[in-house]
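**Q** Below you'll find the structure I mean.
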Amino acid sequence: MKQFFISILSLSLLASCGGSKEYATITPTVPVIQNTPATSTYWQQHVDYTMDIDMDVNNYQYKGKQTLVYTNNSPDVLNKVFYHLYFNAFQPGSEMDVRSRTIADPDGRVKDRISKLGPDEIGYIKVNSLKQNGSALTYDTVGTVLEVNLDKPIQPGESVTFDMVYDAQVPVQIRRTGRNNNEGVALSMSQWYPKLAEYDYEGWHTDPYIGREFHGVWGNFDVTLHIDKNYVVGGTGYLQNPNEIGYGYETSTVNRPTGDKLTWHFVAPNVHDFTWAADPEYNHDTMQVPNGPLLHFLYKKTMAKDKLDNWKKLQKKAVELMQFYSANVGQYPYKQYSVIQGGDGGMEYAMCTLILGEGTFDGLFGVTAHEMAHTWFQFLLATNELTNYWMDEGFTEYFGELAGSQILNTSFEEATQRVYKVYFSYAKSGTEQPQTTHADRFNFNRSSSIAAYYKGYVFLNQLAYVIGEENQKETIKQYFKDWSFKHPTRTDFIRVAEKVSGLELDWYLNDWTRTTNTIDYGVKVINGDNVILERIGLMPMPIDLTVTYTDGTTEDFYIPLQMMRGEKPTSATIAADWAWAYPVYTLKANKAVKSVQIDPKNMMADINRENNKM
């Protein structure tokens, strides 16, 4: 979940607005990244992280050693590299702090809280040393980005090793990550390590951490964590030494080493992030998904009984969610997934999610449905969260609601129309900005939220109107097949839709995401057997039309949009194409017409539905 997710299930309508280090210990059912191109020119970088982390739970500080093998699969010579130091955002005067105190509608969870953090409450990552293939490097810490001058340029196809030593402090939880949140979770550790920035065909992605989210390099993680022996840990990856740990992970007799700390050893193959959470009061339950992963549930045992009951009830529903997404998007490729009480909204990560744990059951289910759907659209289809956020949030919101409606037997259509109303209000508000706006560049947080969640949702639902429902379903599955374990863009998605449907769809992508053009079609005149329609808005669309004749019979018509160069599958009578530049279109019906309804299923995001019927 991102900064402004509001579960549709509880939507208040916004219309007013140590073990073996061998990877073979557990063999994951996950494809190995081969850099097999989705197109003949596709490439992506690769990282292999090895980390050793020593955590002090008394002062919330830790010491880190990180070895990173970086493979330059690009055709370019790299003269610099960059790391994200996300924890540095949680310091007075940071860009995140100042932006929160100057934007018109700050996130209520942030406001001016960062500005008030004391030295022992801030977050930081301080790099003590960094070497490239054994040679010391010079670097500068610039806010949340480490700028690194290389000893030698990295040539195309070359792999280099970076060794880093650093100190860090976990901030009081403000957003997503941190310590001692309102639900009492000790450590929610997301975006907690020096993370190499992504380099792709667009160049380096070195955005500072201001408010929105993340973009990472695909690779393998080998993480060793030393932490107080009373803490239970959950998160990304496969625990390699379960019988030295216990706490519900054991596969046979538990034999914990002596000492004040336990050493947890995780490996995570083919991920672009690594997240964990820890608390001394976690319950740890598991439930197996048939022909799927083992689900882990970690939640505070000190909650009230009704809240604990919600977590028990959630577990079978989470199995159903995993099965739904695997069937309707693509098979989940790992052997584990963890749902963890993290104490701040909900946020998706590699092989896990951190969520609030003390709400109602509907709220707990809704956030789990949303965050688990992110596994496909943020994690496995790893779009850039700062530029293509709507492809993640909107698609996730759509599938979260679709899954929830089937599992809880609620109305998907009603929920979808609530989403449309939020979009309509936004489109008429005078505050809309194009979806191509950088996620941190919106004038209002509300605008960013609606563009991502709601306008992104409408894009996908309306695509079914444009190309047909079966084509839309096939597009999603083919998109996953073609682009999982890569970094697809909006163009990559629409090209899949074009290939599946056989239709030209660049107009749909362009108008919906790159402009604030709106859809508005109306019935202008009925004259005997002639129906005159008009296009009022700038955005083109094909038209579904139901005609009721004076004799009481009805007929459905489909008016293709000429620039689509084809038609969607339909049982309706296909009329002549409508060329966009013509504002008026005359339909010759088969007999005298009594009334007409444009888009009877309300799938088109027409901002004025009052003129759709006559």
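The opening residue of the sequence shown carries number 570 in this note's numbering; numbering runs sequentially from there. Glycine is no exception: its CB is placed at the ideal position from the N, C-alpha and C atoms. If you're wondering where the values come from, they're calculated on a predicted model, not measured in any experiment.
1) Which partner residues does A846 have in the DSSP bridge list?
2) Quick one: which unbroken beta strand (DSSP E) runs of 3-plus residues sit fully inside the segment 1080-1122? Chain order, please.
3) On the three-state DSSP scale, how would you describe I1167?
4) Just to confirm the assignment, what range does the alpha helix (DSSP H) spanning E664 have?
5) Extract the residue ranges of the beta strand (DSSP E) inside the segment 773-821, only unbroken runs of 3 or more that lie entirely within it.
6) Between V616, Q900, Y631, M624, which has its C-alpha nearest V638's C-alpha?
7) Residues bridged to Y1127 by DSSP?
8) Along the beta strand (DSSP E) that carries A837, what are the first and last residues, could you check?
9) Looking only at C-alpha atoms, which of L1029, Y992, Q614 sits nearest to S1018?
10) Taking Cβ to Cβ, would you say W1081 is nearer than 8 angstroms to P1109?
11) Can the beta-carbon of Q1004 be found closer than 8 angstroms to that of A1020?
12) Between which residues of its own chain and R1059 is the CB-CB distance below 8 angstroms, once the five residues before and five after are set aside?
13) Does the Cβ of I770 have 16 or more other Cβ atoms within 10 Å, making it buried, or fewer, making it exposed?
14) Do V696 and M733 have their C-beta atoms closer together than 8 angstroms?
15) Measuring only the C-alpha atoms, how far is Y1022 from P688?
16) Name the one or two DSSP bridge partners that T922 has.
17) On the CB-based measure, 16 or more other CB atoms within 10 Å of its CB, does D913 come out buried or exposed?
18) For D1175, which three-state DSSP category applies?
19) Name, in chain order, the residues that DSSP records as bridge partners for E1043.
20) Output needed for N1086: all residues of its chain with C-beta closer than 6 angstroms, excluding positions within five of it in sequence on either side, in chain order.
21) Can you give me the Cβ contacts of K700 inside the same chain, cut-off strictly under 6 angstroms, excluding the 5 residues immediately before and after it?
22) Would you list the one or two residues that DSSP bridges to D623?
23) Out of R1178, Y693, E767, which has the shortest C-alpha to C-alpha gap to A737?
24) So, helix, strand or coil for S1018, using DSSP?
25) Tell me the residue span of the alpha helix (DSSP H) that contains I1063.
26) Within 10 Å of its beta-carbon, does N648 have 16 or more other beta-carbons around it, so buried, or fewer, so exposed?
27) Taking its Cβ as the centre, do 16 or more other Cβ atoms sit within 10 Å of Q1143, making it buried, or is it exposed?
28) Can you tell me the Cα-Cα spacing of L1102 and S1140, whole angstroms?
29) What residues in its chain sit with their C-beta under 8 angstroms from that of F1013, if we drop five residues either side in the sequence?
30) So F731 is in the beta strand (DSSP E); what residue range does that whole segment cover?
31) Using the rule of at least 16 other Cβ atoms within 10 Å of the residue's Cβ for burial, across every protein chain shown, is N1099 buried or exposed?
32) Using only the alpha-carbon positions, how far apart do S1016 and L1029 sit?
33) With three or more beta-carbon pairs closer than 8 angstroms as the criterion, would you say the segment 774-786 touches the segment 931-941?
34) Who does F651 pair with in a DSSP beta bridge?
35) Taking only the alpha-carbon atoms, compute the straight-line gap between M1173 and N978 and give it to the nearest angstrom.
36) Going by DSSP, what residue range makes up the beta strand (DSSP E) through S698?
**A** Taking the coordinates as given:
1) Its beta-bridge partners are S757, G803.
2) Counting only runs of 3 or more residues that sit fully inside the segment 1080-1122, the beta strand (DSSP E) segments are 1090-1096, 1099-1104, 1112-1118, in chain order.
3) Three-state result, I1167: strand.
4) In the DSSP assignment, E664 falls within the unbroken alpha helix (DSSP H) covering 664-671.
5) Assignment of beta strand (DSSP E) within the segment 773-821, counting only whole runs of 3 or more residues, yields 788-797, 801-804 in chain order.
6) V638 has its Cα closest to that of V616, out of V616, Q900, Y631, M624.
7) For Y1127, the beta-bridge partners assigned by DSSP are D1113, I1143.
8) Secondary structure note for A837: its beta strand (DSSP E) is the uninterrupted segment 830-840.
9) For the residues L1029, Y992, Q614, the minimum Cα distance to S1018 belongs to Y992.
10) Judged by their CB atoms, W1081 and P1109 are not nearer to each other than the 8 angstroms cut-off.
11) Between Q1004 and A1020, the C-beta gap is smaller than 8 angstroms, which places the two residues in contact.
12) Here the set comprises N957, M960, L1078, T1082.
13) The sequence shown places Tyr at residue 770, rather than the Ile named in the question. So Y770 ends up on the exposed side.
14) Going by C-beta atoms, V696 is nearer than 8 angstroms to M733.
15) Note on geometry: alpha-carbon atoms of Y1022 and P688 lie some 36 angstroms from one another.
16) Looking at the DSSP output, T922 sits in a beta bridge with V908, E917.
17) So D913 counts as buried.
18) Reduced to three states, the DSSP call for D1175 is strand.
19) DSSP output for E1043 lists no bridge partner at all.
20) So the list reads D1080, L1107, M1108, once near-sequence residues are dropped.
21) D732.
22) For D623, DSSP records a beta bridge to K632, H795.
23) Nearest neighbour of A737 by Cα position, chosen from R1178, Y693, E767, turns out to be Y693.
24) S1018: helix per DSSP, three-state reduction.
25) DSSP places I1063 inside the alpha helix (DSSP H), whose first and last residues are 1059-1070.
26) Exposed.
27) Per the sequence shown, the amino acid found at residue 1143 is Ile instead of Gln. Looking at its Cβ environment, which holds fewer than 16 other Cβ atoms inside 10 Å, I1143 is exposed.
28) Whole-angstrom Cα-Cα distance: 21 angstroms.
29) Cβ neighbours of F1013 within its own chain (closer than 8 angstroms, five residues either side excluded): I672, A673, D674, T1000.
30) Segment 728-738, the beta strand (DSSP E) holding F731.
31) So N1099 ends up on the exposed side.
32) Taking the straight line joining both Cα atoms gives about 19 angstroms.
33) Touching, no, given that fewer than three Cβ pairs across the two stretches are closer than 8 angstroms.
34) In the DSSP secondary-structure assignment, F651 is bridged to E716.
35) Approximately 24 angstroms between the Cα atoms of the pair.
36) That run of the beta strand (DSSP E) goes 693-701.
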